[in-house]
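Participant: Numbering (numbering that gives the first Met the number 0), first residue to last: 0 to 240. Where is the CB? At the ideal position from N, CA and C, for every residue including glycine. Please see the structure below; I have some questions.
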Amino acid sequence: MSIKSDNRHLYLQVIDRLKHDIETGVYKEKEKLPSEFELSKQLGVSRATLREALRVLEEENVIIRRHGVGTFVNSRPMFTSGIEQLSSVTDMIKQAGCKPGTIFLSSSIQGPTEEDIRRFRCSKDEEILLVERVRTANDEPVVYCVDKILCKYLPQGISYENESLFENLHHQANRDIAYAVAHIEPLGYHEKVSPILECEPETALLVLKQMHYDYNDEPVLYSINYFKSDKFSFHVLRKRV
0 MSIKSDNRHL YLQVIDRLKH DIETGVYKEK EKLPSEFELS KQLGVSRATL
50 REALRVLEEE NVIIRRHGVG TFVNSRPMFT SGIEQLSSVT DMIKQAGCKP
100 GTIFLSSSIQ GPTEEDIRRF RCSKDEEILL VERVRTANDE PVVYCVDKIL
150 CKYLPQGISY ENESLFENLH HQANRDIAYA VAHIEPLGYH EKVSPILECE
200 PETALLVLKQ MHYDYNDEPV LYSINYFKSD KFSFHVLRKR V
């Protein structure tokens, strides 16, 4: 199992070898890796070289380290999407071959905050529908959603039979979402959200904040979605100009 030398840095060869072993099932998802002493001996490298390789693999979310417990193979994301593609959570789950579901936590009407007035370009007298939901894939909680919509677009509230807010807006308000301005940021353990999503203590969250606009450039929907990082991954296509 030892590393065969080539012209690259040794730690890069260790990274490739461990990735290969994970992809071929030598080490399975959530399986604990051998100790650093055992692994460095098996690979025929120093512990310093191994630690550098493990550091990079941890940054890439290939492995996860639990202090005082050991190093484990991270779960592979079930759902992946280009951040430049505007897909509903429902569509993302369906595209992965899973059954989408929704647990409705709360629905309320409130006055706009100063930030809402700026986002929606609305008056202080307009009302906002606030919806909290948990989205599931094959009955497993995977996304915690907080959505804000101007009440004038959905005066009857949302249809609980239709899990997609995009579809709700289309059928009830004849509003179709054309694009969104998005911000994504990593987040560690969240006291409220992480237990709801049944996250392990070390499981991070990806927070996607989006302001959605219709084809008339009118702001319609503001959403904050908390994705389990071990279930979702996002990528972006960058072009040289």
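Where does V55 fall in DSSP's three states?
Facilitator: In this structure, V55 counts as helix in the three-state DSSP scheme.
Participant: Which runs of the alpha helix (DSSP H) spanning at least 4 residues fall entirely within the stretch 108 to 178, listed in chain order?
Facilitator: Complete alpha helix (DSSP H) runs here, min 4: 113 to 119 and 164 to 172.
Participant: Among the candidates Y26, R50 and S222, whose CA atom is the shortest distance from the CA of I148?
Facilitator: The candidate whose alpha carbon is nearest that of I148 is S222.
Participant: Flag this pair as touching only if the stretch 152 to 164 and the stretch 118 to 132 have three or more C-beta atom pairs under 8 Å; answer yes or no.
Facilitator: Enough Cβ pairs lie closer than 8 Å, so yes.
Participant: What residues are listed by DSSP as bridge partners for V180?
Facilitator: Beta-bridge pairing links V180 to M210.
Participant: What does the Cβ neighbour count give for D262, buried or exposed, with the cut at 16 atoms within 10 Å?
Facilitator: Since the displayed the chain opens at 0 and closes at 240, residue 262 lies outside it and no answer follows.
Participant: Work out the CA separation of V206 and L196 for me, nearest whole Å.
Facilitator: When rounded, the distance between both Cα atoms is 13 Å.
Participant: Of the choices T48, A203, N73 and I14, whose alpha-carbon is the least far from that of L186?
Facilitator: Among T48, A203, N73 and I14, the Cα nearest to that of L186 is on A203.
Participant: In whole angstroms, what is the alpha-carbon distance linking S34 and V72?
Facilitator: Each residue's Cα considered, the two are about 13 Å apart.
Participant: Compare the Cα-Cα distances from Q155 to each of N137, V145, D175 and E126 and report the closest residue.
Facilitator: Closest option to Q155, Cα to Cα, is E126.
Participant: Is the CB-CB distance between Y10 and T48 below 8 Å?
Facilitator: Closer than 8 Å, so yes.
Participant: Under a three-way DSSP split, which group does R46 fall into?
Facilitator: Residue state, collapsed to three classes: helix.
Participant: Helix, strand or coil, according to DSSP, for V192 in the structure here?
Facilitator: In the structure shown, V192 sits in a helix (DSSP, three-state: H, G or I).
Participant: In or out: S39 buried (at least 16 other Cβ within 10 Å) or exposed?
Facilitator: Buried, because 16 or more other Cβ atoms sit within 10 Å of the Cβ of S39.
Participant: In whole angstroms, what is the alpha-carbon distance linking D15 and H8?
Facilitator: Approximately 11 Å between the Cα atoms of the pair.
Participant: Less than 7 Å between C-beta atoms, sequence neighbours within five positions excluded: which residues of the same chain meet that for R54?
Facilitator: Nothing meets the Cβ criterion.
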